[in-house]
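Okay, so here's the structure we're looking at.
Here you go:
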């Protein structure tokens, strides 16, 4: 089974916000976020997939998700580019 680490963004009135997560079904997970059934933080917003990367194990995906959450420089770059 493959897992994905993903980065999504949403535009609020004044700024762009982002969310990082992991899943084994990327398309379904993005649909859940946009339908208000995703993570609590993502409810009520329209999300756009900006970045994702595939991993072979859940453990590796979780480790990389944590790294991406802490990599503020790369997240800032992604938010500004997309």
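Residue numbers (the numbering used here): 11 to 92. Ideal Cβ placement from N, Cα and C applies to all residues, glycine included.
Assigned exposure category for residue i - 16 Cβ within 10 Å defines buried
i: residue 71; result: buried
i: residue 117; result: A question about residue 117 goes unanswered here, because the residues of the chain that appear run from 11 up to 92.
i: residue 39; result: buried
i: residue 90; result: exposed
i: residue 46; result: exposed
i: residue 12; result: exposed
i: residue 67; result: exposed
Among the options, nearest to residue i - alpha-carbon criterion
i: residue 87; options: 12, 17, 34 and 22; result: 17
i: residue 21; options: 82, 62, 43 and 57; result: 57
i: residue 55; options: 82, 29 and 92; result: 29
i: residue 59; options: 23, 24, 12 and 92; result: 92
i: residue 31; options: 67, 53 and 78; result: 78
Host alpha helix (DSSP H) of residue i (start-end)
i: residue 83; result: 82 to 91
Own chain residues within Cβ distance below 6 Å of residue i, not counting five before or after
i: residue 14; result: 33, 36, 62 and 64
i: residue 43; result: 52 and 57
Residues sharing a beta bridge with residue i, DSSP
i: residue 15; result: 32 and 63
i: residue 27; result: 20
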